[in-house]
Amino acid sequence: MGAGRGGFVKPSNSYYRQIVDRIETITCTDVGEPLRVADLCRVACVSERTLRDAFRRIRGISPYRHLRAPPDTGEARASVG
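When we follow our numbering, the leftmost residue of the sequence shown carries the number 2, and every step to the right adds one.
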């Protein structure tokens with residue numbers, strides 16, 4: 002991993018994949034009420050920006066779109082509220 006601006010090290014794909022995998026496990030589980038991006042951030046213990054970056058890099062979509070995806074696609078089961 003190379004350092005970016007100001008010595009910041011960009012997270013690896015494997016780190017982002019762990020975040021997305023954790024979220025996909027949660028969104029495939031029936032939690033009884035619609036999930037929001039803030040809920041996903043809390044579960045993954047990451048900021049909204051990190052969650053967005055992870056989904057864009059690993060899935061090519063935003064976490065908002067992931068939540069709105071129809072359940073039969075396997076992408077998600079909840080809607081953004």
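Ideal placement from N, C-alpha and C gives every residue a C-beta, glycine not left out.
In the DSSP annotation of this structure, the continuous segment of the alpha helix (DSSP H) that includes ARG69 starts and ends at 64–69.
In this structure, ARG23 lies away from VAL38, with their beta-carbon atoms at least 8 Å apart. ILE20 counts as buried, since at least 16 other C-beta atoms from the protein chains shown sit within 10 angstroms of its C-beta. In the structure shown, VAL47 falls within a coil segment according to DSSP collapsed to helix, strand and coil.
Spanning the alpha carbons of ARG66 and LYS11 requires a straight line of approximately 24 Å.
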